[in-house]
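S.K.: There's a structure below that I have some questions on.
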Amino acid sequence: ALGFSVLLLAVLLLSGFYFGEKAPPRELRLVFLAATPIGILLVILAWVKRTLRFLPAEILGFAGVALAVPVLYLTRPGAGEAKALLLYGLFAGYFMAALLYVRVRQEWLRRSRNGEGFALGRRLADGKWALALHLLFPAVVLMATGGGWWTAPLYALLRAVAGLIKGRPELPLMKLGVREMLHSIVFTGLVLTAFYFSA
């Protein structure tokens, strides 16, 4: 774990240095203004709770990780703040909604080991907040942007609905994680497609 943390720190420092060298000063300040409070809050939560494995810290963590997207975008010539914010909203929204969905699936796995059944009504009740966020996600993106940007959030919604209705409660976390990674790749591909056609 220590070695992996050192590797992540090295990647962070190198990417931060590259971004600092390539990004325009205004965009550079905007990203640091966003990242600084997230980092401070995470440090405070880790110090108070002695762990980062609870929902507010995980949400902040994904909010911070998603900043990598506008950081990468803002290093390209002609990059604009509006599209950087849109890309951030897409990826932060996706990972936060997915986090709630994965938490539901983790709870299902725990309960399935105790022999609990999962009727459709129970499934939807368990996943109501994840489903609500997934429903809100494409609606907000569509109202804010139009065009093809809503297709990736719509895919995320369909994935969540299918998982909540048909997903196997006893699915091991490793397999669920692999599936979520594949869904993230598809989501990224849809965002890149929308990005290409909007250029």
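So the sequence shown is residues 18 to 216, counted in our numbering. C-beta: ideal position from N, C-alpha, C; glycine also.
Considering only their Cβ atoms, is the gap separating residue 104 from residue 86 smaller than 8 Å?
M.R.: Here residue 86 corresponds to residue number 69 of the sequence shown, with the count starting at 1. Here residue 104 corresponds to residue number 87 of the sequence shown, with the count starting at 1. Yes. Within cutoff.
S.K.: State the CB to CB distance for the pair residue 154 and residue 174, rounded to an integer number of angstroms; the pair is presumed to be in contact (CB under 8 Å).
M.R.: Locating residue 154 in the sequence shown gives position 137, where the first residue counts as 1. Locating residue 174 in the sequence shown gives position 157, where the first residue counts as 1. About 7 Å separates the two Cβ atoms, so the contact holds.
S.K.: Can you give me the C-alpha to C-alpha distance between residue 100 and residue 165, rounded to a whole angstrom?
M.R.: Along the sequence shown, one-based indexing puts residue 100 at 83. Along the sequence shown, one-based indexing puts residue 165 at 148. Cα to Cα, residue 100 sits roughly 14 Å from residue 165.
S.K.: Could you say which of 150, 119, 195, 130 lies nearest to residue 170 if we only look at CA atoms?
M.R.: Reading the sequence shown from its first residue, position 153 is the one you call residue 170. The residue with the shortest Cα to Cα distance from residue 170 is 150.
S.K.: Can you check which of these residues, 122, 52, 194, is closest to residue 148 by C-alpha distance?
M.R.: Numbered from 1 along the sequence shown, position 131 holds the residue referred to as residue 148. It is 122 whose Cα lies nearest to the Cα of residue 148.
S.K.: What distance in whole Å lies between the Cβ atoms of residue 61 and residue 116, which are believed to be in contact at a cut-off of 8 Å?
M.R.: Residue 116 sits at position 99 when you count from the first residue of the sequence shown. Residue 61 sits at position 44 when you count from the first residue of the sequence shown. That belief does not hold up - the Cβ atoms of residue 116 and residue 61 are roughly 20 Å apart, past 8 Å.
S.K.: Roughly how many whole angstroms lie between the Cα atoms of residue 73 and residue 63?
M.R.: Stepping through the sequence shown from its first residue, residue 73 is reached at position 56. Stepping through the sequence shown from its first residue, residue 63 is reached at position 46. Approximately 11 Å, taken between the alpha carbons.
S.K.: Go ahead and pull the three-state DSSP assignment for residue 67.
M.R.: Residue 67 sits at position 50 when you count from the first residue of the sequence shown. Note: residue 67 maps to coil in three-state DSSP.
S.K.: Report the residue from 204, 179, 28 whose alpha carbon sits nearest the alpha carbon of residue 118.
M.R.: The residue given as residue 118 occupies position 101 in the sequence shown. Considering only alpha carbons, the answer is 179.
S.K.: By a C-beta neighbour count over all protein chains shown, 10 Å radius and 16 as the cutoff for buried, is residue 204 buried or exposed?
M.R.: Along the sequence shown, read from residue 1 onward, the residue named residue 204 stands at position 187. It counts as buried.
S.K.: For residue 136, count neighbouring Cβ atoms within 10 angstroms of its own Cβ and tell me buried if that reaches 16, exposed if not.
M.R.: In the sequence shown, residue 136 corresponds to position 119, counting from 1. Exposed, since its Cβ has fewer than 16 Cβ neighbours within 10 Å.
S.K.: Taking the straight line between their C-alpha atoms, what separation do you get for residue 182 and residue 159?
M.R.: Working through the sequence shown from its first residue, we reach residue 182 at position 165. Working through the sequence shown from its first residue, we reach residue 159 at position 142. Residue 182 and residue 159: Cα-Cα distance of roughly 25 Å.
S.K.: Which residues in the same chain have their Cβ closer than 6 Å to the Cβ of residue 220, if we skip the five residues on either side of it in sequence?
M.R.: Because the chain is modelled from 18 through 216, residue 220 falls outside the range shown and cannot be assessed.
S.K.: For residue 92, name the three-state secondary structure that DSSP assigns.
M.R.: As a position in the sequence shown, residue 92 is number 75, starting the count at 1. Looking at residue 92 - three-state DSSP - the assignment turns out to be coil, as it is neither helix nor strand.
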